[in-house]
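Enquirer: Before I ask anything, here is the structure I am working with.
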Amino acid sequence: MLMSLIDSCRKLIVPIHKEGYLFIAIGVAATIVLGQLWSPFGWVGALITLWICYFFRDPIRITPQREGLVISPADGRVSQVALAVPPPELELPAEPMTRISIFMNVFDCHVNRAPVSGTILKMAYTPGLFLNAELDKASDDNERNALAIQTPAGIVGVVQIAGLIARRIVPFVKQGDALATGERFGLIRFGSRVDVYLPTSVQPLVGEGQTAIAGETVLADMSATEPKRSFRMI
Numbered sequence: 063m064l065m066s067l068i069d070s071c072r073k074l075i076v077p078i079h080k081e082g083y084l085f086i087a088i089g090v091a092a093t094i095v096l097g098q099l100w101s102p103f104g105w106v107g108a109l110i111t112l113w114i115c116y117f118f119r120d121p122i123r124i125t126p127q128r129e130g131l132v133i134s135p136a137d138g139r140v141s142q143v144a145l146a147v148p149p150p151e152l153e154l155p156a157e158p159m160t161r162i163s164i165f166m167n168v169f170d171c172h173v174n175r176a177p178v179s180g181t182i183l184k185m186a187y188t189p190g191l192f193l194n195a196e197l198d199k200a201s202d203d204n205e206r207n208a209l210a211i212q213t214p215a216g217i218v219g220v221v222q223i224a225g226l227i228a229r230r231i232v233p234f235v236k237q238g239d240a241l242a243t244g245e246r247f248g249l250i251r252f253g254s255r256v257d258v259y260l261p262t263s264v265q266p267l268v269g270e271g272q273t274a275i276a277g278e279t280v281l282a283d284m285s286a287t288e289p290k291r292s293f294r295m296i
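So the number in the working numbering is just where the residue sits in the sequence shown, counting from 1, plus 62.
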């Protein structure tokens, strides 16, 4: 009975990614110092530390494994589905691709997962500004890390874009690595966006305003044969 209760409690505790350990330690230390100065400050510090733990959570996800599926790389809101030219650093043809943008606020899980299985043909970091990640020009002006992933159905582009609060993109992979669908490939601190670029022949299965879950929500099916829809050009 006791072991069953302990096991149940463990399942309720969401793992925290190791990238958050330093920030949590700083929060705990600051909370102790602030609490010594004035107890209400200590409570504020404790709340901030709890939020840091929540931000760096890394929950277990069950990823659909059928070949051809494109899975959401991020938790958040689908902010845009449109045609757009991929970033030049990916060295892809300068032609419009279907872009699905997912905006993460500071309360979303920020561990990013591979949308498809394949090999990283190109990985390029570009320094830049920290504009609101929901703006269209953030795709061109903000700090970003871009990956071109070769799959049997074509090349898929994935771009991590830093946001208004975010100040660092942390990659877990390098060029030439093989990725499995749903595998963790990076993290962004603290509020940002991830764009997925797909061949125009691929039909998106999500719409603007929809909530996506990293590693679980199906964005598109590269093996489907549905008739192509039209999207606005940006």
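Glycine is no exception: its CB is placed at the ideal position from the N, C-alpha and C atoms.
In chain order, what residues of the same chain have a beta carbon less than 8 Å from the beta carbon of residue 104, not counting five sequence neighbours either side?
Expert: Contacts found: 93, 94, 96, 97 and 98.
Enquirer: Determine the direct distance from the alpha carbon of residue 84 to that of residue 136, and round the result to whole angstroms.
Expert: Looking at the two C-alpha atoms, the distance is approximately 23 Å.
Enquirer: From the DSSP output, in three-state form, read off residue 104 for me.
Expert: Residue 104: helix per DSSP, three-state reduction.
Enquirer: Identify the continuous beta strand (DSSP E) that holds residue 142 and give its terminal residues.
Expert: Element bounds for residue 142: 138-146.
Enquirer: Less than 6 Å between C-beta atoms, sequence neighbours within five positions excluded: which residues of the same chain meet that for residue 213?
Expert: If we look at residue 213 and ignore the five residues flanking it on each side, its Cβ neighbours are 178 and 180.
Enquirer: Can you grab the Cα-Cα spacing for the pair residue 162 / residue 183, in whole Å?
Expert: Cα to Cα, residue 162 sits roughly 20 Å from residue 183.
Enquirer: Does the region 105-114 touch the region 122-130, meaning 3 or more C-beta pairs lie closer than 8 Å?
Expert: The region 122-130, when compared against the region 105-114, does not touch it at the 8 Å Cβ threshold.
Enquirer: With C-beta atoms as the reference, is residue 88 less than 8 Å away from residue 115?
Expert: Taking 8 Å as the Cβ cut-off, residue 88 and residue 115 do not qualify as a contacting pair.
Enquirer: Restricting to runs no shorter than 3 residues, where is the beta strand (DSSP E) found entirely within the region 110-176?
Expert: Listed in chain order, they are 131-133, 138-146, 159-166 and 173-175.
Enquirer: Taking 8 Å as the cut-off, does the region 149-157 touch the region 236-248 (at least 3 CB pairs, one atom from each stretch)?
Expert: The region 236-248 vs the region 149-157: no contact.
Enquirer: Can residue 264 and residue 160 be called in contact, C-beta distance under 8 Å?
Expert: Result yes, Cβ atoms of residue 264 and residue 160 sit closer than 8 Å.
Enquirer: Across which residues does DSSP place residue 257 in a beta bridge pair?
Expert: Note: residue 257 sits in a beta bridge opposite 163 and 221.
Enquirer: In chain order, what residues of the same chain lie with their CB nearer than 7 Å to the CB of residue 63, ignoring the 5 residues before and after it?
Expert: Residue confidence for residue 63 is low, a pLDDT of 47 falling below 50, so the modelled location carries little weight and cannot support an answer.
Enquirer: Span of the alpha helix (DSSP H) holding residue 181?
Expert: Per DSSP, residue 181 belongs to no alpha helix (DSSP H); it is in the beta strand (DSSP E), 180-188.
Enquirer: What whole-angstrom Cβ distance do residue 222 and residue 248 have, given they're in contact under 8 Å?
Expert: Yes, residue 222 and residue 248 are in contact; Cβ-Cβ is about 6 Å, under 8 Å.
Enquirer: So, with DSSP's three-state summary, where would you put residue 92?
Expert: Three-state result, residue 92: helix.
Enquirer: Can you list, in chain order, the residues of its chain whose CB lies under 6 Å from that of residue 175, leaving out five sequence neighbours each side?
Expert: For residue 175, where only same-chain residues beyond five positions count, the Cβ hits under 6 Å are 135, 244, 246, 276 and 277.
Enquirer: In this structure, what does DSSP give as the bridge partners for residue 231?
Expert: Looking at the DSSP assignment, residue 231 forms a beta bridge with 250.
Enquirer: Just mark residue 82 as buried or exposed, buried being the case when its beta carbon has 16 or more other beta carbons within 10 Å.
Expert: That one is buried.
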